[in-house]
């Protein structure tokens with residue numbers, strides 16, 4: 281799952297660095313992938 285998240289972030293032009301705590305819940309994966317909706321929920325992170 282972490283590799284899939286890294287591939288998505290790379291495709292979107294984001295940094296490869298991110299934290300994914302265990303357990304990898306749906307919410308944690310969603311926030312780690314980072315897109316316009318996650319930025320709206322947590323601006324500046």
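In our numbering, the protein residues as written are 281 to 325.
Just so it is clear, CB atoms sit at the ideal spot from N, CA and C, and this is done for glycine as well.
Worksheet item: DSSP state of residue 297, grouped into three classes?
Response: Taking the first residue of the chain shown as 1, we reach residue 297 at position 17. In this structure, residue 297 counts as coil in the three-state DSSP scheme.
Worksheet item: Got a sec? Which residues, its chain only, sit under 6 Å from residue 317 by beta carbon, not counting five neighbours each side?
Response: Taking the first residue of the chain shown as position 1, residue 317 is located at position 37. Cβ neighbours of residue 317 beyond the five flanking positions: none.
Worksheet item: residue 298 to residue 311, Cα distance in whole Å?
Response: Counted from its first residue, the chain shown places residue 298 at position 18. Counted from its first residue, the chain shown places residue 311 at position 31. Rounded to whole angstroms, residue 298 to residue 311 spans 10 Å at the Cα level.
Worksheet item: Where do the ends of the alpha helix (DSSP H) carrying residue 322 lie?
Response: Taking the chain shown and counting its residues from 1, one reaches residue 322 at position 42. Run containing residue 322: none; DSSP gives neither H nor E here.
Worksheet item: Can you name, in chain order, every residue of its own chain whose Cβ lies under 8 Å from the Cβ of residue 314, other than the five neighbours on each side?
Response: Here residue 314 refers to the residue found at position 34 of the chain shown. Here the set comprises 289, 292, 294, 298.
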